[in-house]
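The sequence shown begins at 4 in the working numbering and counts up one residue at a time.
Report on one structure; see the data block that follows.
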Amino acid sequence: PAARAPGPLPALPARVLVLDDEDEVRHAMQALLTAFGIEATVVASEAQAAAALQQGRPHGQPIGVLLCDWRLSEGADGLAPAQRLRLQEQPASLSVLMITGETDPARLQRLRDSELPVLFKPVMAHTLLRALAEQARSI
């Protein structure tokens with residue numbers, strides 16, 4: 004049977020925050036998200052992410068989804084920063100979507116235990132966009 008083309012995308016979030024320590028990944032994500040009409044803010048650290056979230060609040064343009072890499076600089080994981088950033092938003096309107104290429108079973112279990120949605124690398128564009136649309140519905 005012929006492979007099915009992905010169907011039309013549901014509504015995407017208006018604004019997404021990408022937290023990834025790799026410059027190339029941030030730029031690629033920004034280009035992809037922007038091409039689909041999403042305002043993408045890309046940052047390399049938790050502090051930059053917190054500042055970006057605060058900037059959107061007073062203008063009535065809050066960021067709806069945090070797209071966070073599991074593995075950040077110096078071996079730190081992105082789970083704790085993602086959870087702190089989510090709690091920082093009042094009301095808790097920030098959805099979190101984790102992305103990982105992790106293969107260690109213990110670390111993967113920790114990620115599963117968080118109950119946050121996870122995409123595994125390599126992530127195809129249509130898979131990412133569908134996951135973002137799913138997160139947009141929960142905002």
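Don't be surprised by glycine CBs; every beta carbon is placed ideally from N, CA and C.
Judged by DSSP in its simplified three-state form, residue 116 adopts helix. Boundaries of the beta strand (DSSP E) harbouring residue 101: 98-103, taken from the DSSP string.
Residue 91 and residue 47 have their C-alpha atoms spaced approximately 18 Å apart. In this structure the stretch 23-41 touches the stretch 68-80; the number of beta carbon pairs closer than 8 Å is three or more. The C-alpha of residue 102 is placed about 5 Å away from the C-alpha of residue 122.
Residue 118 and residue 31 have their C-alpha atoms roughly 27 Å apart. When beta bridges are read from the DSSP output, residue 89 appears opposite no residue.
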